[in-house]
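Chains A and B supply the protein sequences, listed in that same order.
Start counting the first sequence at 19; every next residue gets the next number (this note's numbering).
Start counting the second sequence at 19; every next residue gets the next number (this note's numbering).
See structure below.
2 protein chains.
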Amino acid sequence: MLRVAVLFSLSAALGWVQPTDSSRPAASNVRDAEYPRIHDDLRITFRVKAPGARKVQIDPGGEGSGLGPGPFDMARDADGVWTVTTPPAVPGFHYYFLLLDGTRVSDPSSDTYFGYGKQVSGIEVPEKGTDFYDAKNVPHGEVRACWYNSRTTGQLRRAFVYTPHGYELNPKARYPVLYLQHGMGEDETGWGKQGRANFILDNLIAAGKAKPMIAVMDCGYAARAGEAPVSLEGGTARIVEGLHRITEVFEDVLLGDLIPAIDARYRTLPGREHRAMAGLSMGGLQTYQIALTHLDKFAYIGAFSAPVLWGNNFDPKSLFGGVFSDAATFNQKVRLLWLGAGTAEKGFYPGIRQFHETLDKLGIRNMFFESAGTAHEWQTWRRDLHDFAPRLFRD
Amino acid sequence: MLRVAVLFSLSAALGWVQPTDSSRPAASNVRDAEYPRIHDDLRITFRVKAPGARKVQIDPGGEGSGLGPGPFDMARDADGVWTVTTPPAVPGFHYYFLLLDGTRVSDPSSDTYFGYGKQVSGIEVPEKGTDFYDAKNVPHGEVRACWYNSRTTGQLRRAFVYTPHGYELNPKARYPVLYLQHGMGEDETGWGKQGRANFILDNLIAAGKAKPMIAVMDCGYAARAGEAPVSLEGGTARIVEGLHRITEVFEDVLLGDLIPAIDARYRTLPGREHRAMAGLSMGGLQTYQIALTHLDKFAYIGAFSAPVLWGNNFDPKSLFGGVFSDAATFNQKVRLLWLGAGTAEKGFYPGIRQFHETLDKLGIRNMFFESAGTAHEWQTWRRDLHDFAPRLFRD
């Protein structure tokens, strides 16, 4: 029965005895993993077997992580099983790492989520009374992996395309399109996996709160054919310069390769009035850079926690091709300029709020959305999408 | 510029100086990770920074892994960077782990692949002269995440659905369907990610070697509504019993929930002559169990490295409802019974070959495919699909 022994060796060996309290395995765990567990008061118990380690910690990821500052030291039992219960967490999705004697690795009990330029652990902390991003009993759209050739990069690229429920059943219907970008260190999987964008849109569309739309989630990183990828390491100046260079290339990908591919393959509604762009953090910066300089292509613009890199040096005549220099023209063209930030986003919230107020003073029509109590994390961006999407493609 | 510092902290920090030899980063790495690197002779250099660890090893996964038996001890440099170059590997995809002082974790430089019931590292070793699973410059189909309600499990389930190129452009065309199952410890992501099933089918279809078809990749694990998941831990008897119980539930999911959902949503060709089922390892066993007892539903059957659990106790009158008891009826109904095994699959190959010979003696029409030199790993199953798919849905 060697073959059965072999099969056995392939099966999961993450099981722990289920405790008798009312805590539950996190929804972000891999199938059947009993830990991490969320308690009623949103404390979280993490557990990992590492008999050979001398020090094991939970290391929260991200600015002002909803897990708390950490790292949290775990305590070892006689079998080499390490456990810690962390203080009540902020609801939402939080990246985290396991520190094994100081080395950052993933928790084998967690599913993995692409962030920090690699596959890392994440924990889903439920928010009481909030179900707008749950997989509810409503008709569901699809998320399609779509491969397209990029002349800009000389490579085959993958984008994810959300098509709403009914797309297949209504072969003559055409739909508006939202281009939706991830943040730094993330990729085209982020909005579906961490962001639950498809479930947010499913729920809004089913409730009649948002128009049925296609959402395209591509990777914001791009390098021209034959050129090395732009480094985002180094000092502040280099990272800002790198961001601009990556965005210049991604602009060509989006406008020259992706939009034509999407319009050729899917039943899209043509024209700027049926096209939106939004993004979070780096993706928000890319949205500013690309959409604001191409108002012939986009009428709806969303910047979720986008860094205000120009700070106090705001010059409406030069920023983004001078798009803010003429409020009347801007307001006539742009159907929606939507800015969002979480109130716990140190380093982002004040600048974004100030930018909103500056735009107001200039007479540039825009709106500012505050996500109460959330940091530079996905719960902010889920709430952003939930507020933003219903405002799109209104006649 | 705190906001830039924050962005910076989110960017990748996996970079290593690129060596001057001709080795290349593995295609299975995360973006921009320079290690692991594959040498021309298929030796592999692994590298990880772990200054606090006392012992770091590379632990190959799977029976007879193409990486070699391992574990391979890594050597530490003064900065705490650990390196090892392993012997020439067998081409294909191999799971592996990092052992940090004995604890199995993922290599942060690797993308993650769902196997062993969790997200683990994998390495893609190229096979010279073989490109049937490459993303080539041919028209590409889509892989769609499709959510459906299962009455059997009482849950929303996700399946991946490959639709061939042209599906969108030919809104009246209908297609045959292949149901394609993963192995133990894996899930519905396996055939797309590790197996590259979509690229294999893209290439076959573009070359006119396989008929355009839909392929549905679901999760083979299922538990009835209100019941706890069946454990696959314990001794041989328990695991075999557990496999049968899981398959009984999955049978109801597949026949009662999934096929009706696929037939309702996609332009499928109805009837058994246009429906195939195949699976690898546990999925092959599930294919035997489900398809052989439902020849009214399936005319094409593929068992890739399926364990021959009945061993020498083969009784044609009782096995799979006695389907092998009447060769003439069987041969009239079944258009293809396809068995595959890798010659390096200890514990699988001999039994599968013997089963094929037994079926031959009974006059049961079947074919046996040998994958030369490959073990119980994905390269075997990629070759299987590449040989199997062209034989499907032939008039």
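Each residue gets a CB set at the ideal place from its N, CA and C atoms; glycine is no exception.
None of the values given here were measured: they were computed from a predicted structure.
Your pair P69(A) and G88(B) does not check out as a contact, with CB atoms roughly 20 Å apart and the cut at 8 Å.
Contact annotation: the stretch 110 to 125 of chain B touches the stretch 394 to 408 of chain B, with at least three C-beta pairs closer than 8 Å.
Just measuring C-alpha positions, the residue of L118(B), I56(B) and L403(B) sitting nearest E388(B) is L403(B).
Under DSSP, Y306(A) forms no beta bridge with any residue. Setting aside the 5 residues that flank it on each side, E160(A) is surrounded in the same chain by T181, each with a C-beta closer than 6 Å to its C-beta; the list follows chain order. Taking a beta-carbon distance threshold of 8 Å, P69(A) counts as an interface residue toward chain B. DSSP places R401(B) within a helical segment (H, G or I) once states are collapsed to three.
DSSP links M231(A) through a beta bridge to no other residue. Taking C-beta separations shorter than 8 Å and ignoring five residues to either side along the sequence, the partners of V143(B) in its chain run A44, I56, L60, I62, G84, A107, V108, P109, G110, F111 and H112, following chain order. With a threshold of 8 Å between beta carbons, P247(A) makes contact with chain B.
In the three-state scheme derived from DSSP, where H, G and I count as helix and E and B as strand, N216(A) is classed as helix. In terms of CA proximity to R412(B), G226(B) leads the group G226(B), D220(B), G135(B) and Y166(B). In this structure the stretch 339 to 352 of chain A lies against the stretch 293 to 312 of chain A, because at least three pairs of beta carbons, one per stretch, are closer than 8 Å.
By the rule that beta-carbons nearer than 8 Å mark a contact, H158(A) touches chain B. Apart from sequence neighbours up to five positions away, the residues of its chain that approach F132(B) with a beta-carbon distance below 7 Å are E204, D205, T207 and G208, ordered along the chain.
In the three-state reduction of the DSSP assignment, N167(A) falls in the strand class, which pools E and B.
One Cα belongs to M385(B), the other to R401(B), and the distance between them is close to 15 Å. Beta-bridge pairing by DSSP links G320(A) to A296(A) and W356(A). Contact annotation for Y239(A) against chain B: R49 [CB-CB distance below 8 Å, chain order].
The Cβ neighbour count for G238(A), taken over all protein chains shown within 10 Å, is at least 16; the residue is labelled buried.
In this structure, I319(A) lies away from V195(A), with their beta-carbon atoms at least 8 Å apart. The beta carbon of R353(B) lies closer than 6 Å to those of A317 and Y318 in the same chain, with the five residues before and after it left out. The three-state reading of DSSP puts N188(B) in coil, since its state is none of H, G, I, E or B. Close to E186(B), with beta-carbon spacing below 9 Å, are these residues of chain A in chain order: R283, Y284 and R285.
With 16 or more neighbouring CB atoms inside 10 Å of its own CB, W165(A) falls in the buried class.
Within the stretch 383 to 412 of chain B, the residues whose Cβ lies closer than 8 Å to any Cβ of chain A are, in chain order, H394. Using a Cβ distance threshold of 8 Å, S323(B) and G369(B) do not count as a contacting pair. For chain A, the residues of the stretch 115 to 127 of chain B that bring a beta carbon within less than 8 Å of one of its beta carbons are L116, L118, D119, G120, T121, R122, V123, S124, P126 and S127, in chain order. Nearest neighbour of L219(A) by Cα position, chosen from Q173(A), D275(A), P157(A) and R242(A), turns out to be P157(A). The beta carbons of V48(B) and G135(A) sit closer together than 8 Å. From the listed residues A228(B), K67(B), Q199(B) and P126(B), the smallest Cα separation to Y306(B) is found for Q199(B).
Excluding the 5 residues flanking it on each side, G201(B) has same chain C-beta neighbours closer than 6 Å at L298, S299, M300 and G301, in chain order. Scanning chain A for C-beta atoms nearer than 8 Å to the C-beta of Q212(B) yields nothing, as the closest lies near 13 Å away. Rounded to whole angstroms, the separation of the alpha carbons of L377(B) and T130(A) is 44 Å. One finds A153 in chain B with Cβ atoms closer than 7 Å to the Cβ of L174(A), taken in chain order. Contact between Y193(A) and V234(A) is ruled out by a C-beta separation of about 11 Å, above the 8 Å threshold.
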